[in-house]
Amino acid sequence: DGGITQSPKYLFRKEGQNVTLSCEQNLNHDAMYWYRQDPGQGLRLIYYSQIVNDFQKGDIAEGYSVSREKKESFPLTVTSAQKNPTAFYLCASQKRGEGNQPQHFGDGTRLSIL
Amino acid sequence: DQQVKQNSPSLSVQEGRISILNCDYTNSMFDYFLWYKKYPAEGPTFLISISSIKDKNEDGRFTVFLNKSAKHLSLHIVPSQPGDSAVYFCAASGQIGSGNTGKLIFGQGTTLQVKP
Chain C
1 DGGITQSPKY LFRKEGQNVT LSCEQNLNHD AMYWYRQDPG QGLRLIYYSQ
51 IVNDFQKGDI AEGYSVSREK KESFPLTVTS AQKNPTAFYL CASQKRGEGN
101 QPQHFGDGTR LSIL
Chain X
1001 DQQVKQNSPS LSVQEGRISI LNCDYTNSMF DYFLWYKKYP AEGPTFLISI
1051 SSIKDKNEDG RFTVFLNKSA KHLSLHIVPS QPGDSAVYFC AASGQIGSGN
1101 TGKLIFGQGT TLQVKP
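Protein chains in written order, with the working numbering: chain C, 1 to 114; chain X, 1001 to 1116.
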């Protein structure tokens, strides 16, 4: 079945440690996105990529980094520079080139600080 | 500065009745609007969308209405079912042809509870 897979579902980070969240899609979508959700808030955009080997900062990119070496994969690294990393992280993908298209989401990774 | 707002954090309705969820936006360049449904610990699921050239779009029990002059959209669920209980997010994006990247701006969400 086609879809978006995020792993792990739960992740714990020690102070000063970098962690990487995985996002893989087999929908053949060009665009991929990373969002962060905090309690009682909507989704906020961290980074996005419209094509392989290209990505752009979203609204809250500080303390995060991404890569897009393959169409199917868009991993997010939460660096030690991110001072408040505890959140629910969501990855999405989108078909481009045929007018407006919805974004489709994975089931998320919940990151907590030890 | 919140460009998409859902002013009601929660809504409770009786099973079988209509649920109306509201969303306001400020950016007149938005021309594509979506509603997502989200259960706890899961990703949002796309429900329904509407382009700014329309004022209504219907899909089964779900209808989205767009009032461009008021910069307001609403989601109607008729009849409401207990399984509809979830958090509902509205989202908006600008026209792809204008160079917009397809980025979505989300509201804060409204928690819907449908009581049996």
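Glycine residues also receive a C-beta, built at the ideal position from the N, C-alpha and C atoms.
Interface with chain X (9 Å Cβ-Cβ cutoff): residue 40 (chain C) is included.
Counting only unbroken stretches of 3 or more residues, the beta strand (DSSP E) elements lying wholly within the region 12-51 of chain C are 19-25, 31-37 and 43-51, in sequence order. Neighbours of residue 107 (chain C) in chain X, taken as residues at a C-beta separation under 7 Å, are given in chain order as 1042 and 1043. In terms of CA proximity to residue 11 (chain C), C:88 leads the group C:88, C:39, C:56 and C:101. Excluding residues up to 5 positions away in sequence, 1111 lie with their Cβ nearer than 6 Å to the Cβ of residue 1010 (chain X) in the same chain. Cβ-Cβ distances below 8 Å link residue 1082 (chain X) to 1015, 1114, 1115 and 1116 in the same chain, with the five nearest sequence neighbours on each side left out; the list follows chain order.
Under the 9 Å criterion on CB atoms, residue 101 (chain C) is classed as interfacial with respect to chain X. The beta carbon of residue 96 (chain C) falls within 9 Å of a beta carbon belonging to chain X, placing the residue at that interface.
The secondary-structure analysis by DSSP pairs residue 1087 (chain X) across a beta bridge with X:1038 and X:1111. DSSP places residue 1063 (chain X) in the uninterrupted beta strand (DSSP E) bounded by 1062-1067. Under the Cβ criterion of 9 Å, residue 44 (chain C) is counted among the residues facing chain X. What residue 1107 (chain X) touches in chain C, judged by beta-carbon distance under 7 Å, is 42, going in chain order.
For the options C:110, C:28, C:54 and C:105, the alpha carbon positioned closest to that of residue 78 (chain C) is the one of C:110.
Residues of chain X whose Cβ lies closer than 9 Å to the Cβ of residue 90 (chain C) are, in chain order, 1043 and 1044. Its chain contains 109 as the residues whose beta carbon lies nearer than 7 Å to that of residue 8 (chain C), once the 5 sequence neighbours on both sides are disregarded; these appear in chain order.
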